[in-house]
Amino acid sequence: MTDSSATVRPDRRAELANGLARVRSRIDDACARAGRDPAEVTMIAVTKTYPASDVVALAGLGVADVGENRDQEAAGKVAEVAAAGVRPRWHFIGQLQRNKARSVVRYADVVHSVDSVRLARALATATADREVPLDVLVQVSVDGDGARGGALPGSADPDAGLEPVAGAVADASGLRLVGLMAVAPLGWEPERAFARLAEVTGVFRTVHPGATALSAGMSGDFEIAIQYGATHVRVGSALLGMRPTLR
Ligand SMILES: *Cc1c(COP(=O)(O)O)cnc(C)c1O
């Protein structure tokens, strides 16, 4: 790792500033239409496949929240960014294997993708050495098809049911249950997906009134997610440009 790996080129900084201005104005417009205060919506810059220097540049532009979806890539990037003296709030948003829990809790401030009791327990065990609790969002399967990840609303499945997972997070001393996360299922109109998610969220909050975060919406659909109550939008390509490979 060299110092130059996180050096920001002026042309890239300008590109990111433009992307950020466009995304912020889309968020402002969506909030205006929904009658919401933009201060209620946190934009997480999803920097997967992009270098540490982009995180440093974004931080310089005022972005405080950064998301990554793969432990191997994230762990190295966090270290490079830290070496540049920058400390954003790191959100882990990707599918997480239990054997990566120990690594992720070393750098993540928030994990959005907890969808099983076993994963919640692995994270709880891994937080033993942390000074501050790990914020956790339970990922919901909007279409109820657990095959693509997400806990199952209304299911009593002891490992994958939404309530069993939320309960395991709420009961773990090293974890703090802060809300729900979802990705619109393939083939679903975002409108239908986020309306369904809002229903699930309503029920969930009757049981967990303090867990008010709702992480929903990506580059292509975050306006609709905001309309349905998203408090966190996860924005990659609209901010940083198209990624070379689909992840
Ligand atoms: C990549 C990713 C995003 C961002 O996607 P874009 O379409 O590039 O905005 C959001 N959420 C998750 C879980 C992701 O993996």
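Numbers given in our numbering equal positions in the sequence shown, counted from 1, plus 139. Glycine residues also receive a C-beta, built at the ideal position from the N, C-alpha and C atoms.
In the assembly as shown, Glu-270 is an exposed residue. Its beta-carbon has fewer than 16 other beta-carbons within 10 Å. In this structure, the CA atom of Thr-264 is about 43 angstroms from the CA atom of Pro-149. Val-202 and Ala-184 have their alpha carbons spaced roughly 7 angstroms apart.
Rounded to the nearest whole angstrom, the CA to CA distance from Gly-368 to Ala-337 is 7 angstroms.
Straight-line measurement puts the Cα of Asn-208 at about 16 angstroms from the Cα of Pro-383. Here Ile-365 carries a helix assignment [DSSP, helix/strand/coil].
For the region 319–381, the continuous alpha helix (DSSP H) assignments of 4+ residues that do not extend past its boundaries occur at 329–346, 361–366 and 376–379, in sequence order.
Rounded to whole angstroms, Thr-345 and Ala-267 show a C-alpha spacing of 30 angstroms. Under the 8 angstroms Cβ criterion, the region 273–291 counts as touching the region 252–259, having at least three qualifying pairs.
Closest by C-alpha distance to Ala-169, out of Glu-362, Glu-179, Gly-313 and Arg-287, is Glu-362. Contact between the region 171–182 and the region 209–216 is absent, with fewer than three C-beta pairs closer than 8 angstroms.
Placement of the Cβ of Ala-377 at a distance of less than 7 angstroms from at least one heavy atom of ligand 1 is found. From the listed residues Val-342, Val-322 and Gly-326, the smallest Cα separation to Phe-333 is found for Val-322. Look at the beta carbons and you see the region 235–247 not touching the region 294–312: under three pairs across the two are nearer than 8 angstroms. For Gly-206, the uninterrupted beta strand (DSSP E) run begins and ends at 204–207, by DSSP. For Val-202, the CB stays at least 7 angstroms from every heavy atom of ligand 1. For Ile-183, the enclosing beta strand (DSSP E) has its first and last residue at 181–185. Val-220 sits away from Val-250, with the two beta carbons spaced by 8 angstroms or more.
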